[in-house]
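To start, the structure under review is shown below, and the notes come after it.
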Amino acid sequence: MDKLRLHPAALAAAIAVVACCTSVGAHAELGGTMPSQAVAGASAPRTLLNGALRERTWTDAGNTTINEYASSTGLIVAYAWQGPTMPDLHALLGKYGDSYKTGAAGAAGSGNLHASRVARSDVIVESGGPMRGYVGRAWLPAALPAGVTSDDIQ
């Protein structure tokens, strides 16, 4: 049986795909810490609401724009997204993913295929939109800084 040989261009393309896919992991998750400096593929954090929040933005592999929100101490308290694909909620929610799944399972069968809201004591996730027009947000209600409401997460 012949040995499999990869053309150098094919090998380079495969490495590029792996690098792109693993760069998503460079972003933090709810409850994590936002880097204070710019990170490859993401905007530099900007200050909002008189310093109560910091926001940075990036586009994921599915071309969806994700806004990440952190408190002045760097604690990531929320995400908002908009784009043609759903972001990787498992990666964004991190340790809150299981709570979300439990809430989503309990809310199944609402009949609304275009919107959902899962409200748990520790995390709230809203998601909806038609195919190729997904929007949503997720936040930690108890971690929002004083003076910040869910309306500020866009």
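Read in order, the letters of the sequence shown correspond to residues -28 to -1, 1 to 126 in mature numbering (1 follows the signal peptide of the UniProt record, and there is no 0). Beta carbons: idealized from backbone N, C-alpha and C, even for Gly.
Residue j beta carbon less than 8 Å from that of residue i
i           : j     : result
GLU1        : LEU47 : no
GLY55       : THR36 : yes
GLY118      : ILE96 : Residue identity check: residue 118 is Ala in the sequence provided, not Gly. No, these two residues do not count as a Cβ contact at 8 Å.
VAL107      : TRP53 : yes
ALA24       : SER8  : no
ILE125      : ALA77 : no
residue 198 : GLY3  : Because the chain in this structure spans residues -28 to 126, residue 198 falls outside the shown range and cannot be described.
PRO17       : ILE38 : no
THR57       : GLY75 : no
Environment of residue i [buried if 16+ CB atoms lie within 10 Å]
i        : result
ILE(-14) : Bear in mind that a pLDDT of 32 at ILE(-14), under 50, signals an unreliable position, so the number given afterwards is only what the model happens to contain. So ILE(-14) ends up on the exposed side.
ARG26    : buried
LEU112   : buried
LEU20    : exposed
ASP32    : buried
ALA42    : buried
GLY105   : exposed
MET6     : buried
THR(-7)  : Note that THR(-7) scores a pLDDT of 36, beneath 50, so its modelled location is shaky; the value from the coordinates is reported in the next line. Label assigned to THR(-7): exposed.
Identity of the residues DSSP links to residue i by a beta bridge
i     : result
TYR68 : Its beta-bridge partners do not exist; DSSP assigns none.
GLN54 : THR37 and VAL107
SER99 : SER88 and GLY108
THR29 : ASN39
Range of the contiguous beta strand (DSSP E) that encloses residue i
i     : result
THR5  : Neither: THR5 is in no beta strand (DSSP E) and is coded neither H nor E.
LEU20 : 18 to 20
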